[in-house]
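Asker: Which chain is which? The protein sequence lines are A and B, in order.
33 is the number of the first residue of the first sequence in the numbering used here; add one for each residue after it.
531 is the number of the first residue of the second sequence in the numbering used here; add one for each residue after it.
Where is the CB? At the ideal position from N, CA and C, for every residue including glycine.
Computed from a predicted structure; not experimentally measured.
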Amino acid sequence: MSWFSGIAYILFAPFLGGIIAGLDRKISARLQGRIGPPLFQPFYDVGKLFQKETLVVRQSQHLYMEFFFVLMVFSGAIFFSGGDLLLVIFAFTMAGVFFALGGYKASSPYSFIGAQREVLQMMSYEPAVLLAAVGMYMVTGSFQVAKIIEYPHPLIAQLPGLFLAFFFILPIKFRKSPFDLATSHHAHQELVKGITTEFSGRTLALIEIAHWYEYVFVLGIGYLFFASNVWFGLLMTLVIFELLLVVDNATARVRWQAMLGSAWVVALVAGGLNIIYLMWMKG
Amino acid sequence: MASALLNFLILFPLAVALVIVLVRKGSLFPLVIYPASAVLIGASCLLVGLSAGGKPILIPAHFGWVEPVMLAVEGVVSAYLLFLALKQRDWAVSALVVIQSILLFGFHFGTGHSAHAGANLFFDLFSVVMGLIVGIVGTLIAVFSVGYMRDLHKHSGDHAGHAIPDNRPVFFGIIFLFLSAMFGVCFSNNLLWLFFFWEITTVCSFLMIRYKMDDISVKNAFWALRWNLLGGLAFLLGIIYLYHTQHTIELDKLLSLPKALVMLPLALISFAGLTKSAQLPFSSWLVGAMVAPTPVSALLHSSTMVKAGVYIVLRFAASLEGTLLGMVIALVGLVTFLIGSFICISQNDAKKVLAYSTIANLGLIILCAGIGTYEAVWAGILLIVFHAVSKGLLFLCVGSIEHKLGSRQIEDMSGLVIRLPRLAFMLEIGIAGMFLAPFGMLISKWAVLRAIVDYNPLFAIFLIYGSAATLFFWVKWLGKIINVEKPYTNIETGISRSQWIPMGALTGLTLLICALFAPFAVVFIDPYIVALYGHSMSLGAGNMAIMTIMLSMIGFFPLAFLNYGRGVKVSPPYLAGANVGELGQQFRDSMGGVKAMHMKNFYMENYFSEARLMRLGVLVTVVFLIAMIAIGGM
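Structure (structure tokens):
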């Protein structure tokens, strides 16, 4: 395992993630015919949050979010050190569970329903992510990220269906339309900011940074599909991100039934067919 | 020494049961049960010292009196059951009892007259692990039931105002009889003995489910009896067929014979295992069994009964590996896991969630057994251990909570962390143990996933969907416990020490086996797997290190509460209106009226309806079962 890249993730992912968030706002603004904020605006926002007072409804609600932050960093660090992909996904799920529990703990109706939707979103995306891991294992013979990136050919060639399923659930992880049900960064808010309604100040800043870590980590999984060549991989990751923004700006939020149903069906059909294809190839 | 210990484990609980039933005096129960439980737990721990290995160590245990006594007991029990069934006009049960008796006695005095087992008892590491679960978890539940049943009869009378007849001597007696029979199941090599103990567990569960003696309890007890007797019948047919074709009635011989020769007995006895472990299409008996007092559910779900079912199928794993029969059994388990997990989403009754989650997890174990590869069996044994401890804990918690709240609806558990803080903490540990990394069940699920991907990746798809559903229903339950809807006060009084000690012990065990599961697997599971397959399974040392780091990180979470309320300012929640009152549970709406806020979980009845999913599951699995017997017969 390469501890070095794990540590690099811990140190630099927030910067990268923050820039991704800034790019997101910039590009989205351009897509909408606006100029948009400076690239570093997310950093200014978070910096300001740190100076604000932290208001809570329940006196332990921020503790859950602090653990969400820690676990998020931890799961990404295992991933970037080349650890076991399944273990990474489980740790990532654990982080998500703490995030949802924070919303429950806050005990306001808006954060409560946001937390419900957050768990629903987790249930929606998990099959696609786990199936992608299974597909990568079938091709490369290992769940270890370090082994998967050593595979000489681009995985996308053999895993198009699973990639489609993975791309389909990406808006959930980036909290973007059409699947930004639990909380969202858009002006067209629903649920008064959903799960993060009752979080402010330092805690909200921490949640924001955790999401930056999450961006880098999730794009990292996307990178695996193109990892045979570093530059090609990085380029394609950018393309994925770009496409995600287009989807975000071109779609409206859907109901949870549509999210759960479509995410599951796409994973089942595209992922399932892909897995059958792999089994057939192996004989 | 080994022989003496096994005899002791089977006979001692039996003796305790007799003493309790004969004493019949309420004030003396603790005096008998507590010391007896201490002895039983101590004796179970001695099992570790048996230096059991992967290979079975056979014990002749030839006592002339055993078989006549067993036969006499079987005769008396059959007559008693037949009497009850006829009185109840349950023709299916009556017929099953009659057919089974004719077959059993016909075999004993007819063709099987000279049937003889070289060794009646045996043990290996798998038996020892099972024995530890029965001895420790089962006995802890017995201790719990002393305080619980006292409480139950104190405010006797259920919701309908129907007084529950106080029949505690029989209740405690049956618990210990149950433990005795379970030890018998784990250590019998003579299949007729195994069958005898198997049927005793059926009868015990029947008597316990109908404990309250109201209509629904009696009805559900007969329902459970029907399916388990059907399984028993298949078991008996399996033994008789085995004896007629292979001239043996021994488990070790059955497992060492060439697969092709013993397919039908394997199929028939596995069928019995599926009924006992409440797999679809038989699951409804276990769901119905929750009408019984909670310790009964705890016992049936964690350490006895259903575990006997998965035990026997998992025993056959190596023989099932790579066979069509194994594949069909695996499919039954897989479908049960998927359907059970989905149904949990729409359930609000805590005991029902636990029941369906048990069914689902047993499905996973059956899946492992059907796959039968070394990875799968390794994961299956681990699942049995983790599930027994966590599920025992969960049932005991829910039972105690129900007594305090007067309800076991999850929607009524809001603010449990304030109302019943210690119980809520234990419940949280139990729930975390069921689905969260790095706790027990998740470790096993991880192992199952790896096993199944190597076996057939298409199976993995269903596993993944089921496990996404488990995530959803456990988190929303956890969320409800920590969510605080109204101002609450602490009402955690009047829970007896007889309840606290087992719950505390099981909480400790849940955490302990998570922390120590790697060495546990090396000592208790690996040698068994190596003896069967020649090599064992590992999740990888690096991964183990990461799991340990994660567990210790989670261990720090309670420490974070030292910072409770520090550096934050409390304000009322946002309710989209002006908050009314100090605590902010009410608000003034735009029309000037005062409204209270409510928070309710998603249950998605339309999508995960119990009735519809059950129908679908039954339909699919019935086809599988027919295929299973047909394959065995080919």
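Once DSSP output is grouped into helix, strand and coil, what is the label at Gln1116(B)?
Answerer: Note: Gln1116(B) maps to strand in three-state DSSP.
Asker: Roughly how many angstroms separate the alpha carbons of Ala282(A) and Leu275(A), rounded to a whole number?
Answerer: Distance between the alpha carbons of Ala282(A) and Leu275(A) is about 10 Å.
Asker: Could you give the distance in angstroms between the alpha-carbon of Arg619(B) and the alpha-carbon of Leu759(B)?
Answerer: Distance between the alpha carbons of Arg619(B) and Leu759(B) is about 16 Å.
Asker: Below 7 Å on C-beta distance, what does Met126(A) contact in chain B?
Answerer: Under the 7 Å cutoff, chain B gives Leu966 and Ala967.
Asker: Can you check whether the C-beta of Glu1015(B) is within less than 8 Å of a C-beta belonging to chain A?
Answerer: It does; some Cβ of chain A falls within 8 Å.
Asker: Can you tell which of Asn986(B), Phe653(B), Asn1131(B) and Ile666(B) has its C-alpha closest to the C-alpha of Asp879(B)?
Answerer: Answer by Cα proximity: Asn1131(B).
Asker: Please check the pair Ile896(B) and Gln809(B), which I expect to be a contact at CB under 8 Å, by giving their CB distance rounded to whole angstroms.
Answerer: Right, the Cβ-Cβ distance comes to about 6 Å (below 8 Å), so this counts as a contact.
Asker: Assuming Leu1105(B) contacts Met1127(B) (C-beta within less than 8 Å), just tell me the rounded distance between them.
Answerer: Between Met1127(B) and Leu1105(B) the Cβ distance is about 6 Å, and since that is below 8 Å, they are a contact.
Asker: Taking the straight line between their C-alpha atoms, what separation do you get for Tyr904(B) and Asp77(A)?
Answerer: Between Tyr904(B) and Asp77(A), the C-alpha separation is close to 54 Å.
Asker: So for Val151(A), helix, strand or coil by DSSP?
Answerer: Three-state DSSP puts Val151(A) in a helix.
Asker: Would the beta-carbon of Gly38(A) fall within 8 Å of that of Ser113(A)?
Answerer: Yes, Cβ-Cβ distance for Gly38(A) and Ser113(A) is below 8 Å.
Asker: With distances taken from CA atoms, which of Pro1057(B), Ala967(B) and Ile1159(B) is nearest Leu118(A)?
Answerer: It is Ala967(B).
Asker: Just the C-alpha distance for Ile982(B) and Met104(A), rounded to the nearest angstrom, thanks.
Answerer: Computed Cα separation, rounded: 28 Å.
Asker: In chain B, what lies closer than 7 Å to Ser92(A) by C-beta?
Answerer: Correct list: Phe1091 and Tyr1094.
Asker: Are the CB atoms of Val171(A) and Leu196(A) within a distance shorter than 8 Å?
Answerer: No, they are not a contact pair.
Asker: Excluding the five sequence neighbours on either side, which residues of its own chain have a C-beta within less than 6 Å of the C-beta of Gly687(B), listed in chain order?
Answerer: Bear in mind that the predicted position of Gly687(B) carries a pLDDT of just 49, short of 50, making it unreliable; the figure below should be weighed with that in mind. Here the set comprises Ala693.
Asker: Would Leu196(A) count as contacting chain B if we go by Cβ distances under 8 Å?
Answerer: Closer than 8 Å: no.
Asker: Buried or exposed, going by whether 16 or more other CB atoms sit within 10 Å of the CB of Ala690(B)?
Answerer: Because Ala690(B) carries a pLDDT of 49, less than 50, the predicted location of this residue cannot be relied on, and the following value inherits that uncertainty. Exposed, by the Cβ-count rule.
Asker: Taking only beta-carbon atoms, is Ser1101(B) less than 8 Å away from chain A?
Answerer: So, interface residue.
Asker: Could you name the residues of chain B that Thr86(A) contacts, counting a contact when the two beta carbons are closer than 9 Å?
Answerer: Chain B residues near Thr86(A): Gly1097, Val1098 and Lys1099.
Asker: Taking buried to mean at least 16 other C-beta atoms within 10 Å of its own C-beta, is Phe72(A) buried or exposed?
Answerer: It counts as exposed.
Asker: Below 8 Å between beta carbons: does that hold for Gly293(A) and Ala214(A)?
Answerer: Against a cut-off of 8 Å, the Cβ pair of Ala214(A) and Gly293(A) comes out as no contact.
Asker: My output table needs one value for Gln190(A): the three-state DSSP class, helix, strand or coil.
Answerer: In the structure shown, Gln190(A) sits in coil (DSSP, three-state: anything other than H, G, I, E or B).
Asker: In this structure, does DSSP put Asp879(B) in helix, strand or coil?
Answerer: If DSSP states are grouped into helix, strand and coil, Asp879(B) belongs with the strands.
Asker: If you run the structure through DSSP and keep just helix, strand and coil, what is Gly687(B)?
Answerer: In this predicted model, Gly687(B) has a pLDDT of only 49, less than 50, meaning its place in the structure is not dependable; the value taken from the coordinates is given anyway. Coil, per DSSP.
Asker: Please classify Val1110(B): does DSSP put it in a helix, a strand, or coil?
Answerer: Three-state DSSP puts Val1110(B) in a strand.
Asker: Show which residues of chain A have a CB atom less than 9 Å away from the CB atom of Ala649(B).
Answerer: Correct list: empty, because the minimum Cβ distance to chain A is about 42 Å.
Asker: Could you tell me whether any Cβ in chain A is nearer than 8 Å to the Cβ of Tyr1104(B)?
Answerer: So, interface residue.
Asker: Could you check whether the Cβ of Ala990(B) sits closer than 8 Å to any Cβ belonging to chain A?
Answerer: With 8 Å as the cut-off, Ala990(B) counts as an interface residue toward chain A.
Asker: Where do the ends of the beta strand (DSSP E) carrying Ile1021(B) lie?
Answerer: No beta strand (DSSP E) contains Ile1021(B), which DSSP labels as neither H nor E.
Asker: Whole angstroms are fine: how far does the CA of Lys882(B) sit from the CA of Ser107(A)?
Answerer: Going from the Cα of Ser107(A) to the Cα of Lys882(B) covers about 33 Å.
Asker: When we look at the beta-carbon of Gln83(A) and count the other beta-carbons within 10 Å, is it buried (16 or more) or exposed?
Answerer: Per the 10 Å Cβ criterion, exposed.
Asker: Between which two residues does the alpha helix (DSSP H) containing Lys1125(B) stretch?
Answerer: Not the alpha helix (DSSP H): Lys1125(B) falls in the beta strand (DSSP E), residues Val1124 to Ala1126.
Asker: Is it buried or exposed, His220(A), if we count other Cβ atoms within 10 angstroms and call 16 or more buried?
Answerer: Any reading at His220(A) must be qualified, since the residue scores a pLDDT of 49, below 50, and its modelled position is unreliable; no value is offered.
Asker: Assuming Ile842(B) and Gly900(B) are in contact, meaning their beta carbons sit under 8 Å apart, how far apart are those beta carbons, in whole angstroms?
Answerer: 13 Å between Cβ atoms; not a contact.
Asker: Between which two residues does the alpha helix (DSSP H) carrying Leu830(B) extend?
Answerer: Unbroken run through Leu830(B): none, as it is neither H nor E.
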